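Those protein sequences? They're chains D and X, same order as listed. Be aware that the first sequence starts at 1, since it is given in my numbering, and climbs by one per residue. Be aware that the second sequence starts at 1001, since it is given in my numbering, and climbs by one per residue. We put the CB at the ideal spot given by N, CA and C, even for glycine. Computed from a predicted structure; not experimentally measured.
2 protein chains.
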Amino acid sequence: MEIKTATQRLSALAQEGRLFVFRELVKAGPNGLAAGDIAKAVGVAANTLSAQLNILSHAGLIQSRREGRSIIYSIQYHHMSELLVYLVKDCCQGHEDICGPLSDMTTKMACC
Amino acid sequence: MEIKTATQRLSALAQEGRLFVFRELVKAGPNGLAAGDIAKAVGVAANTLSAQLNILSHAGLIQSRREGRSIIYSIQYHHMSELLVYLVKDCCQGHEDICGPLSDMTTKMACC
DNA sequence: TCCATAATTCAACGATAGTTGAAATAAATG
DNA sequence: CATTTATTTCAACTATCGTTGAATTATGGA
């Protein structure tokens, strides 16, 4: 993964409104949520939300599909996971004992 | 974890220079690196690096200690892991089958 | 004590980001 | 085909960010 891609994705998440939307979509799971439903849940103007979704979308963190007159947004799990892996990559450089501090994280993340 | 804390940490990482520094420190491991050594490795002015380290530090992603006339920076693993966990939290809400897309991530992250 | 090295602080500048209101597009319904 | 609903686009404005140069603090050695 390129560092530019990583910063683009992190920037997309680095704002309260967008992070909140992102987490709503994480909670919603693979089925996703319609833009209008997100706007209601988050309590933000439609055009503001549209801009937020657009940024998350261009960063590759979410994707959209049309269903009737709604547009449904959902997480792009592969890209999300790519980003998280990027942040811990090379943390031990082959020396397994070096990054003990991170080892309990993987167990905490093993929610499924 | 509060959403404000999360956005602060993500903002700190959401810039190429700071992300590069952060990853150098991830590679360096718990012993960390002196500010001067980072500046040489990254090829950035001392004051620019200082500002970058300051932002990462205030975000809680790194910590510093003095050793002689050098100041050594290193990753705050606990806070780093807290952030990553926050991003995937509530991804399945008890339904184990929902977030299969994320399940292979934890294995990829199990570097140690 | 004086000097060199290591790193930070401060002010200022240009660049970029976030929100808002108004207008536009797209699809479904009568 | 006109209307309603859902969402996006555009332009404009303010606020915040990132880097730079100059000055400052802190430590170790001659």
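Please say whether residue j and residue i have beta carbons closer to each other than 9 Å?
i: D/V26; j: D/L49; result: no
i: D/A28; j: D/S74; result: yes
i: X/L1019; j: D/I3; result: yes
i: D/A14; j: X/T1005; result: no
Comparing alpha-carbon positions, which option in the options lies nearest residue i?
i: D/E67; options: D/G36, D/K4 and D/A6; result: D/G36
i: D/Y86; options: X/C1091, X/D1090, X/M1080 and X/A1051; result: X/M1080
i: X/S1064; options: X/Q1052, X/A1034 and X/A1006; result: X/A1034
i: D/I72; options: D/L83, D/M1, D/S57 and D/E2; result: D/S57
i: X/A1041; options: X/K1089, X/E1024, X/R1018 and X/C1091; result: X/E1024
i: D/H78; options: D/G60, D/A45, D/Q8 and D/L19; result: D/G60
i: X/M1001; options: X/V1088, X/C1091 and X/E1082; result: X/E1082
Beta-carbon of residue i versus every beta-carbon of chain D: anything under 9 Å?
i: X/S1011; result: yes
i: X/G1029; result: yes
i: X/Q1015; result: yes
Which value, in whole angstroms, describes the spacing of the CA atoms of residue i and residue j?
i: X/I1062; j: X/Q1076; result: 5 Å
i: D/S11; j: X/L1010; result: 7 Å
i: X/E1016; j: X/N1054; result: 15 Å
i: X/N1031; j: X/S1070; result: 13 Å
i: D/C92; j: X/V1044; result: 25 Å
i: D/A51; j: D/V88; result: 30 Å
i: D/A46; j: X/A1046; result: 44 Å
i: X/D1090; j: D/D90; result: 27 Å
Within 9 Å of any Cβ in chain X, is that where the Cβ of residue i sits?
i: D/A6; result: yes
i: D/A35; result: no
i: D/M49; result: The sequence shown places Leu at residue 49 of chain D, not Met. Cβ-Cβ to chain X under 9 Å: no for D/L49.
i: D/L84; result: yes
i: D/M80; result: yes
i: D/L87; result: yes
Mapping DSSP to helix, strand and coil, what is residue i?
i: X/A1051; result: helix
i: X/Q1008; result: helix
i: X/E1067; result: strand
i: D/L84; result: helix
i: X/L1033; result: strand
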